[in-house]
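Chains as they are written, first to last, in the numbering used here: chain A, 1 to 156; chain B, 157 to 312. Backbone N, C-alpha and C define an ideal beta-carbon position, used for all residues, glycine too. Being a predicted model, the structure only gives us computed values, none of them experimental.
There are 2 protein chains.
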Amino acid sequence: MTEAANIAQGDTVLDAPIIKELIKLWRAQDTHGSWENRSDIYLLEPYILDSAKRRQLPIVGDPDPDTIRRLELFFDAVALSIERETAVMIQPMLKMNHEGFGRMVLIGGRLIVLNKQLRDVHRFGFESLAKLVGEGDKYVKDGVSMIRKFPSVANY
Amino acid sequence: MTEAANIAQGDTVLDAPIIKELIKLWRAQDTHGSWENRSDIYLLEPYILDSAKRRQLPIVGDPDPDTIRRLELFFDAVALSIERETAVMIQPMLKMNHEGFGRMVLIGGRLIVLNKQLRDVHRFGFESLAKLVGEGDKYVKDGVSMIRKFPSVANY
């Protein structure tokens with residue numbers, strides 16, 4: 001069994017809507033077609049950061065551009081999923097401070113539909129793809145519920 | 157009449173609350189006391205960009221850190237003025253794209269109290285101090301009115 005297959009933990013996780021959204025976003029980045037023959041799992045693998053991998057990273061550090069890109073695309077996928085469910089256009093805004101601290105907000109109209117304080121961005125990742133799906137789905141649910149609660153602000 | 161005095165256009169402008177807030181913020185930056193003997197006008201002078209000065213700047217350009225700092229402190233002053241009037245804590249968030257485009261939002265709770273698309277940030281400035289006060293006051297008014305309109309979101 002390859003490591004990639006291990007990560008997938010069965011096909012069901014790969015079928016999750018948030019994963020499909022994320023894969024679409026990553027494929028759209030691939031303007032030169034260099035990932036055409038790569039599997040979806042190959043593209044998602046850098047999101048997986050199990051305890052062994054995590055221990056190898058410094059406690060405090062400045063996130064590199066690749067990590068920030070991964071984080072942005074993850075929240076882009078959340079934003080698109082909220083859009084699909086509510087028809088409200090969502091714009092993400094990221095503010096990075098020093099040493100991996102930051103804030104991500106997803107904005108719909110004049111509403112902050114999701115507000116996330118970030119810590120240890122240089123160690124952004126998930127124990128497993130299932131955990132990624134769980135967290136992504138939770139954010140989508142929170143965002144959708146904020147929009148349903150304050151529709152006049154989201155459509156301002 | 158010195159250029160500085162010209163800029164001031166009378167003491168009334170310097171007495172505007174937004175100017176007082178801005179001066180306080182600039183003085184707070186001065187941790188080494190190097191501006192102690194400098195007048196308020198000296199600190200505000202870089203905000204003034206009349207047509208002659210503006211013509212000397214390139215049409216398109218990446219804003220330098222000093223210009224971004226000036227812009228941030230201007231919106232910090234707006235944020236503090238809104239806070240003073242509404243008792244809602246306001247956090248500014250700036251996203252800069254390339255070539256001087258960007259977006260500034262002032263956030264209170266889950267509400268975007270002010271949303272400002274930015275263009276030509278490398279040429280950020282005002283024709284006169286009176287114009288700065290006029291624009292700042294308008295932003296404060298807009299922000300306060302958003303909070304009064306959606307208090308439950310601002311206090312979420």
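- Just so you know, the alpha carbons of L267/B and N37/A end up roughly 44 Å apart.
- In this structure, DSSP gives I215/B a state outside helix and strand, which the three-state scheme calls coil.
- Secondary structure note for P92/A: its beta strand (DSSP E) is the uninterrupted segment 90-96.
- Taking the CA atoms as reference points, Q185/B sits about 11 Å from L199/B.
- Taking 8 Å as the threshold, the shortest C-beta distance from F280/B to chain A does not fall below it.
- Flagged as an interface residue toward chain B: R110/A, by a C-beta distance shorter than 8 Å.
- About 33 Å separates the Cβ atoms of R148/A and L49/A, ruling out a contact at the 8 Å cut-off.
- I215/B is classed as exposed because its beta carbon has fewer than 16 other beta carbons within 10 Å across all chains shown.
- DSSP lists L250/B, K272/B as the bridge partner or partners of M260/B.
- M96/A is positioned such that its CB atom lies closer than 8 Å to that of V121/A.
- With respect to the C-alpha of S145/A, the residue from S34/A, G108/A, A52/A having the closest C-alpha is G108/A.
- Contact between Y203/B and G281/B is confirmed by a C-beta separation of about 6 Å, below the 8 Å threshold.
- Counting only runs of 4+ residues, the alpha helix (DSSP H) found wholly inside the segment 117-155 of chain A occupies 129-149, 151-154, in chain order.
- In this structure, the alpha-carbon of E255/B lies about 25 Å from that of G100/A.
- The Cβ-Cβ distance between P219/B and D232/B does not fall below 8 Å.
- Ranked by Cα distance from D142/A, the options A130/A, I90/A, I82/A, A154/A are led by I82/A.
- When 7 Å is used as the limit between beta carbons, F306/B is near these residues of chain A: V153, in chain order.
- As summarised for the segment 183-237 of chain B, the continuous alpha helix (DSSP H) elements at least 4 residues long and confined to that stretch are 196-200, 207-211, given in chain order.
- M89/A sits exposed, since fewer than 16 C-beta atoms from the chains shown fall within 10 Å of its C-beta.
- Here the C-alpha atom of H32/A lies approximately 33 Å from the C-alpha atom of K116/A.
- In terms of Cβ geometry, Y139/A and L118/A do not form a close pair [threshold 8 Å].
- It is roughly 35 Å from the alpha-carbon of R84/A to the alpha-carbon of G61/A.
- If you check the CB distance, L178/B and L229/B come in under 8 Å.
- When the Cα atoms are used, G134/A and A16/A turn out to be separated by approximately 10 Å.
- With contacts defined as CB atoms closer than 8 Å, V309/B and F150/A qualify as a contacting pair.
- Taking C-beta separations shorter than 7 Å and ignoring five residues to either side along the sequence, the partners of L181/B in its chain run L229, D232, A233, following chain order.
- Closer than 8 Å to the CB of M260/B there is not a single CB belonging to chain A.
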